[in-house]
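Beneath this line is the structure, given in structure tokens, with notes to follow.
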Amino acid sequence: MFDYGPGPAADEAELIVFGPGYGEALAVHFGDGCWLLVDSCLTPSNKKPAATDYLSRIGVPLQSVRAIVASHWHDDHVKGLAGMVGECPDAELFISGVFNNAEAAAFLAAYGSDTAAVHTGGAKELYAALSIAKRSVCVQQRSIILEDRAIQGRYMRAVALSPSPAVVDHFIAHAATYMAAASGPIQHAPELKPNLEAVVISIDLGGDGILLGSDLEDQGEMGWSAIVGNDWCLKNQKASAYKVAHHGSITGHHANIWTDLLGAAPISVLTPFHRGAHRLPNPTDTGRINKLSSGLFISSTGSKKPQIDASLQKQMALLGRNIRPVFTGFGAVRFRKRLGDDTWSVDLFGSAAAL
Amino acid sequence: MNQHLSAAADSNLPDVGLLTSLPLQLPLNSSLPLRKVMSERRMAVTDFDRGSDNNEVEIPTRIARLAPHVINVKGYVAPKVGALAAVLQVWEGVVLEVDPDQQIMLVKLADRQGLVAEHTAELGLDWVVAQDMELVRPGAVFYWTIYRETKRSTIKHSQEIRFRRLPNWTNRQVEAINSKATALLSKLTVARQAT
Chain G
40 MFDYGPGPAA DEAELIVFGP GYGEALAVHF GDGCWLLVDS CLTPSNKKPA ATDYLSRIGV
100 PLQSVRAIVA SHWHDDHVKG LAGMVGECPD AELFISGVFN NAEAAAFLAA YGSDTAAVHT
160 GGAKELYAAL SIAKRSVCVQ QRSIILEDRA IQGRYMRAVA LSPSPAVVDH FIAHAATYMA
220 AASGPIQHAP ELKPNLEAVV ISIDLGGDGI LLGSDLEDQG EMGWSAIVGN DWCLKNQKAS
280 AYKVAHHGSI TGHHANIWTD LLGAAPISVL TPFHRGAHRL PNPTDTGRIN KLSSGLFISS
340 TGSKKPQIDA SLQKQMALLG RNIRPVFTGF GAVRFRKRLG DDTWSVDLFG SAAAL
Chain C
3 MNQHLSAAAD SNLPDVGLLT SLPLQLPLNS SLPLRKVMSE RRMAVTDFDR GSDNNEVEIP
63 TRIARLAPHV INVKGYVAPK VGALAAVLQV WEGVVLEVDP DQQIMLVKLA DRQGLVAEHT
123 AELGLDWVVA QDMELVRPGA VFYWTIYRET KRSTIKHSQE IRFRRLPNWT NRQVEAINSK
183 ATALLSKLTV ARQAT
């Protein structure tokens, strides 16, 4: 496993992004040992939640985690979430406000509990996490996730910029489609596309900021448009570090993110996404983001060759094509800076790389 | 593509396939009592849950154990005695996307024995049997079996893709879901809003 070195100093802010090639997890240090975790993926070597595994390795007690955010329920963002919640006894669990209604709760219960032998991976993990969490909080635009007036003498906070109220109604309509009805057919419940319900987090470090874009996309007046068109959102601290939304895709891009939510030429990080021949980020995405950033880093750049015995691969090729491994290599990108400094330092671990 | 070990597509009897796609509810005109079918289904599940590679048995015997309806299908021609089959790989797949224009489905594959890493692949829809086509949608679960048949020193590889059929929701399940949803909602609080 990686040698992460010591943890951040009390007066250092940190953003670390983990990615196994499919999935992502983030950890943010505000200062004074105050940690926020966002989403979850597993460390391949020991199958532990990557973020809490990291904290344990750098000597941070898990009681330091003040909040855990499940930015949305897709299985690449919540693998190991329930375990992570169980490991952090003092953390509140924050989820998208789209679940705070009868239809969405029924959706989670139907596809996440053990009532029926049909599970949607993400729903199952989220349901388990909510069952374990001592306190579960729904967030939507303008919600406060974490607030502290005395970290290194500064006022700091993390707020949600999404989902907007319109998205809540949109999700209810989707969830209602899959409501369990006696004698009705059980259907598999796919993820909502595009992703409009993810929680985007704006972090104010008292003079500097971090923007975590989750997997939010844009459609009509929902998604990013509902953020960059909202006066309150635009008044938040501009960020000098950005976890790029939706793996750098064009659907997760909005020009006003870069002009209105981010400072000039921020440092950027993203995780890859592979689904068969569909790869994110593609070269056009990388070029676009690089032009807007002072540096762009990716959490995983592992091999995409099938990890299957040659003879079996030959048989599979008779029926299938573009056979690719889901997990292509685990890596992490870490940004650190002393509060008040201008420049972030960058550390790369495993198969992480600069783009 | 369906090799002869799967149920014939033209049968009027319930199509059971080779794996856990045995229907939980038989049609009223089924000739087999439900108890016998359920015991056969448990046997089918056990074969793969063992994770054993020792699956070489005579094909007719194996079919009789796992899919008795296949033997009774009109027009079905059982392979001759003496053939042996070994399962090389069983993937449990989930459909991620369906592209009707290109007639392919993007799938995620998990090894049933947990020995091979997860993969994604694109499969042609023409490899799905006709009676499973209605089941093909994002989120649908299927089993892709690859096996080797040895018959009098001739080796032949065969593959089969069969989709999992889900039963209907029962009253009891719906009640349980509503109860769990109520409990879940009661646990959720709303975050404080920033001014």
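Here the protein sequences come in this chain order: G and C.
40 is the number of the first residue of the first sequence in this note's numbering; add one for each residue after it.
3 is the number of the first residue of the second sequence in this note's numbering; add one for each residue after it.
C-beta: ideal position from N, C-alpha, C; glycine also.
- Item | Within the segment 50 to 99 of chain G, ranges of the beta strand (DSSP E) (whole runs, at least 3 residues) | For secondary structure counted as the beta strand (DSSP E) over 3 or more consecutive residues, the segment 50 to 99 of chain G holds these complete runs in sequence order: 51 to 58, 64 to 70 and 73 to 77.
- Message: I'd like the span of the alpha helix (DSSP H) that includes asparagine 329/G, first residue to last.
- Response: Numbered from its first residue, the first sequence carries residue 329/G at position 290. Unbroken alpha helix (DSSP H) run through asparagine 329/G: 322 to 331.
- In whole angstroms, what separates the C-alpha of tyrosine 149/C from that of alanine 349/G? To locate residue 149/C, count along the second sequence from 1; it is residue 147. To locate residue 349/G, count along the first sequence from 1; it is residue 310. About 15 Å.
- Query: For the ligand ZN, any of its heavy atoms closer than 8 Å to the Cβ of leucine 86/C?
  - Reply: The ligand content of the structure shown is nil, which means the ligand ZN is not present either.
- Nearest chain G C-beta to glycine 53/C closer than 9 Å, yes or no? Here the question's residue 53/C lines up with position 51 in the second sequence. With a pLDDT of 33 at glycine 53/C, under the threshold of 50, the modelled position of that residue is not reliable, and the figure given next carries that caveat. False, the Cβ-Cβ gap to chain G never drops below 9 Å.
- Task: With a threshold of 16 other CB atoms inside 10 Å of the CB of glutamate 256/G, please say whether the residue is buried or exposed.
- Result: Position 217 of the first sequence holds residue 256/G. Buried.
- State buried or exposed for glutamate 376/G, treating a residue as buried only when at least 16 other CB atoms are found within 10 Å of its CB. The residue given as residue 376/G occupies position 337 in the first sequence. The displayed chain sequence assigns lysine, not glutamate, to residue 376/G. Buried.
- Task: Output, in chain order, the set of chain C residues within a Cβ distance shorter than 8 Å of threonine 154/G.
- Result: Counting from one through the first sequence, the residue named residue 154/G turns up at place 115. Those are Gln175, Ala178, Ile179 and Lys182, listed as they occur along chain C.
- Query: Of the residues Leu309/G, Ser333/G, Phe366/G and Asp386/G, which one's Cα is nearest the Cα of serine 84/G?
  - Reply: Residue mapping note: residue 84/G aligns to position 45 of the first sequence, counting from 1. With distances taken between Cα atoms, serine 84/G lies closest to Phe366/G.
- Query: Hey, glycine 125/G and isoleucine 171/G: beta-carbon distance below 9 Å or not?
  - Reply: Start at 1 with the first residue of the first sequence, and residue 125/G comes out as number 86. Start at 1 with the first residue of the first sequence, and residue 171/G comes out as number 132. Yes, the pair counts as a contact, with Cβ atoms nearer than the cut-off.
- Message: Along the chain, where does the alpha helix (DSSP H) containing tyrosine 166/G start, and where does it finish?
- Response: In the first sequence, counting from the first residue as 1, residue 166/G sits at position 127. From DSSP, the alpha helix (DSSP H) with tyrosine 166/G extends over 160 to 171.
- Tell me which same chain residues have a C-beta within less than 6 Å of the C-beta of threonine 340/G, skipping the five on either side of it? Within the first sequence, residue 340/G is the residue found at index 301, counting from 1. The answer, listed in chain order, is Ser390 and Ala392.
- Message: At the level of alpha carbons, what is the spacing between alanine 215/G and glutamine 226/G?
- Response: If you number the first sequence from 1, residue 215/G lands on position 176. If you number the first sequence from 1, residue 226/G lands on position 187. One C-alpha to the other measures close to 12 Å.
- What does isoleucine 184/G reach in chain C if we use C-beta pairs closer than 9 Å? Sequence index remark: in the first sequence, residue 184/G carries index 145 (1-based). By Cβ distance, chain C contributes Ala193.
- Task: Can you give me the start and stop residues for the beta strand (DSSP E) that proline 364/G sits inside?
- Result: Taking the first residue of the first sequence as position 1, residue 364/G is located at position 325. From DSSP, the beta strand (DSSP E) with proline 364/G extends over 359 to 364.
- Message: serine 182/G and arginine 194/C - do their beta-carbons sit closer together than 9 Å?
- Response: Taking the first residue of the second sequence as position 1, residue 194/C is located at position 192. Taking the first residue of the first sequence as position 1, residue 182/G is located at position 143. The answer is yes: Cβ separation under 9 Å.
- Does the count of Cβ pairs from the segment 121 to 137 of chain G and the segment 176 to 194 of chain G closer than 8 Å reach three? Yes, the segment 121 to 137 of chain G touches the segment 176 to 194 of chain G.
- Query: For serine 279/G versus aspartate 381/G, is the C-beta distance shorter than 9 Å?
  - Reply: For the purposes of this step, residue 279/G is identified with residue 240 of the first sequence, where counting begins at 1. For the purposes of this step, residue 381/G is identified with residue 342 of the first sequence, where counting begins at 1. Cβ atoms of serine 279/G and aspartate 381/G: closer than 9 Å.
- Query: Which chain G residues sit within Cβ distance under 9 Å of valine 118/C?
  - Reply: As a position in the second sequence, residue 118/C is number 116, starting the count at 1. By Cβ distance, chain G contributes Gln346, Ile347, Asp348 and Leu351.
- Message: Can you tell me whether glycine 44/G is buried or exposed? The criterion is at least 16 other CB atoms within 10 Å of its CB, across all chains shown.
- Response: As a first step, residue 44/G is located in the first sequence; it is residue number 5 there, counting from the start. By the neighbour-count rule (16 or more Cβ atoms within 10 Å), glycine 44/G is not buried but exposed.
- Can you list, in chain order, the residues of the segment 118 to 145 of chain C whose Cβ is nearer than 8 Å to any Cβ on chain G? Against chain G - using a Cβ distance shorter than 8 Å - the residues of the segment 118 to 145 of chain C are Val118, Ala119, Glu120, His121, Thr122, Ala123, Glu124, Leu125, Gly126, Trp129, Arg139, Pro140, Gly141, Ala142 and Val143.
- Determine the extent of the alpha helix (DSSP H) in which methionine 355/G is found, giving its start and end residues. Position 316 of the first sequence holds residue 355/G. Looking at the DSSP string, the run of the alpha helix (DSSP H) that includes methionine 355/G is 349 to 355.
- Message: Just verifying my parser: in three-state terms, what is the DSSP assignment at glutamate 126/G?
- Response: Locating residue 126/G in the first sequence gives position 87, counting from the first residue. Helix at glutamate 126/G.
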